[in-house]
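For the sequence shown, the working numbering assigns the number 316 to the initial residue and increments by one for each residue that follows.
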Amino acid sequence: MSNFEYTPPKNAPVSTEEMQNDLKQVAEKLNTDTLTQKLYSEHGKYDVTNLSRRFGTWNRTLATVGLKPGNINNYSDEELFENILSIWQHKGKQPTRRDLSINPSTISHRPYNRRFNSWSHALQSFIEYANQNEVQVNNNNSSEQNKTEKQTSRDPSLRLRFQVLKRDNFTCCQCGASPAKDPNVELHVDHIQPWSKGGETVIENLQTLCLQL
Ligand SMILES: [Zn+2]
C-alpha cells in the first residue's frame, strides 16, 4: 500500500507562523534582506495577497520577520521629498494627502505609503529631514587653479530651499506675492549676493523671490 501525502491547496488556511517561516526561507534561499511581491510569488508557497492581508501591507509583513521593505525602488527619498516640497511651495502650507492627486504633484500617495507606511509618516520624515543641519562640503584642497575658495555649491539643497521658504513664509521677499494668495505665482530660492560674485549658498545669503515672467 502506497503512502498518500497531503498537499494543501494554495488558498487553504495557513498559520501566521507557517507564512513567516516560508518568507524567511525564501529570503535565505535568495540571500536577500528584502523581497518584492513578484519575487516571493516566484519562489514562495503562499499567495502574496493573503500574506499582505494578514499584516495589513506587504512591507509590514516583511517587517514581522525582520526583512526590509520591498518595492521601494520606484522613487528615491529625495524624489519623494522633492515632490512634497513642490506641493508645499505651491500651497504655501503643509500638503494634505489629497494634494498628491492634483497639480503640481507628480507622485501619487502609493509610493509614499510603500516607503513610509502612511502619509503622515511621510510628512514627519520630510520635516525631520528638512530640519537637519546642512552639512557643508569643504573643497579647499582641490586644484591650485581653483582659487575661488568656495565653501558651498551653487544650487541650494532641498533642505536649504525648504528652510529659506519657511523662513520667508512662502512669500516673495521683494513684492510679497505668494502662491497661497495667487496660484499663478511661482517661488524660487535665489542668492542675495550672487554666487558668481562670491556669495555662498547658505541660509543667510538666500531669499525667496517670485519668478518674473
Ligand atoms: Zn515678487
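Quick reminder that beta carbons are idealized off the backbone N, C-alpha and C, glycines included.
Values in this document were obtained by computation on a predicted structure and should not be read as measured data.
Quick one: does the C-beta of residue i sit closer than 7 Å to a heavy atom of ligand 2?
| i | result |
| --- | --- |
| Gln-404 | For ligand 2, the structure offers nothing, since it holds only ligand 1. |
Can you give me the C-alpha to C-alpha distance between residue i and residue j, rounded to a whole angstrom?
| i | j | result |
| --- | --- | --- |
| Glu-332 | Lys-353 | 21 Å |
| Val-363 | Ala-495 | 44 Å |
| Asn-499 | Gln-404 | 12 Å |
| Glu-320 | Ala-378 | 33 Å |
| His-424 | Ser-468 | 32 Å |
| Glu-459 | Arg-413 | Any answer about Glu-459 is weak, because its pLDDT of 42 lies below 50 and its placement is not dependable; what the coordinates show is given next. Computed Cα separation, rounded: 52 Å. |
| Ser-435 | Glu-443 | 12 Å |
| Asn-432 | Asn-318 | 47 Å |
| Asn-461 | Gln-522 | Summary for Asn-461: the model assigns pLDDT 47, below 50, so the residue's position carries little reliability; its value from the coordinates is reported in the next sentence. Rounded to whole angstroms, Asn-461 to Gln-522 spans 27 Å at the Cα level. |
| Gly-513 | Arg-430 | 40 Å |
| Val-341 | Leu-526 | 53 Å |
| Gln-478 | Lys-360 | 49 Å |
| Arg-531 | Ser-330 | Limits of the chain in this structure are 316 at one end and 528 at the other, which puts residue 531 out of reach. |
| Asn-418 | Lys-465 | 37 Å |
| Ser-493 | Asp-470 | 22 Å |
| Thr-349 | Cys-490 | 51 Å |
| Glu-343 | Met-334 | 14 Å |
| Tyr-390 | Pro-328 | 35 Å |
| Arg-375 | Leu-366 | 10 Å |
Using three-state DSSP, classify residue i as helix, strand or coil.
| i | result |
| --- | --- |
| Asp-348 | coil |
| Ser-457 | With a pLDDT of only 46 at Ser-457, under the threshold of 50, the placement of this residue in the model should not be trusted; the figure read from the coordinates follows. Three-state DSSP puts Ser-457 in coil, outside helix and strand. |
| Lys-360 | coil |
| Lys-496 | coil |
| Lys-383 | strand |
| Gln-466 | coil |
| Ile-518 | helix |
| Ile-442 | helix |
| Gln-331 | Just to set this straight, residue 331 is Thr in the shown sequence, not Gln. Three-state DSSP puts Thr-331 in a helix. |
| Ser-420 | coil |
| Thr-376 | helix |
| Glu-343 | helix |
| Phe-370 | helix |
| Asn-365 | helix |
| Asn-318 | coil |
| Asn-448 | coil |
With distances taken Cα to Cα, identify the nearest neighbour of residue i among the options.
| i | options | result |
| --- | --- | --- |
| Leu-345 | Pro-384, Glu-357 and Met-334 | Glu-357 |
| Ser-440 | Pro-471, Lys-481, Phe-396 and Arg-413 | Phe-396 |
| Gln-508 | Asp-497, Asn-520 and Leu-502 | Asn-520 |
| Glu-393 | Ser-472, Glu-501, Thr-523 and Arg-425 | Ser-472 |
| Val-380 | Asn-418, Asn-336, Thr-351 and Ser-391 | Asn-336 |
| Leu-438 | Asn-418, Gln-409 and Cys-487 | Gln-409 |
| Leu-475 | Ala-342, Lys-512, Leu-382 and Val-504 | Val-504 |
| Lys-481 | Ser-511, Ser-401, Asp-470 and Asp-497 | Ser-401 |
| Asn-428 | Trp-373, Gln-447, Thr-486 and Asn-448 | Trp-373 |
| Leu-446 | Ile-518, Ser-367 and Leu-524 | Looking at the sequence shown, residue 446 is not Leu but Asn. Selected option, being the one with the closest Cα: Ile-518. |
Can you tell me where the alpha helix (DSSP H) with residue i in it begins and where it stops?
| i | result |
| --- | --- |
| Leu-521 | Leu-521 -> not in any alpha helix (DSSP H); beta strand (DSSP E) instead, spanning 521 to 525. |
| Trp-510 | Neither: Trp-510 is in no alpha helix (DSSP H) and is coded neither H nor E. |
| Val-479 | 473 to 482 |
| Lys-406 | 392 to 406 |
| Arg-425 | 424 to 431 |
For residue i, report the span of its beta strand (DSSP E) as first-last.
| i | result |
| --- | --- |
| Asp-529 | A question about residue 529 goes unanswered here, because the residues of the chain that appear run from 316 up to 528. |
Any residue with its C-beta under 5 Å from a non-hydrogen atom of ligand 1 counts. Can you list them all in chain order? Cys-487, Gln-489, Cys-490, Ala-492 and Cys-525
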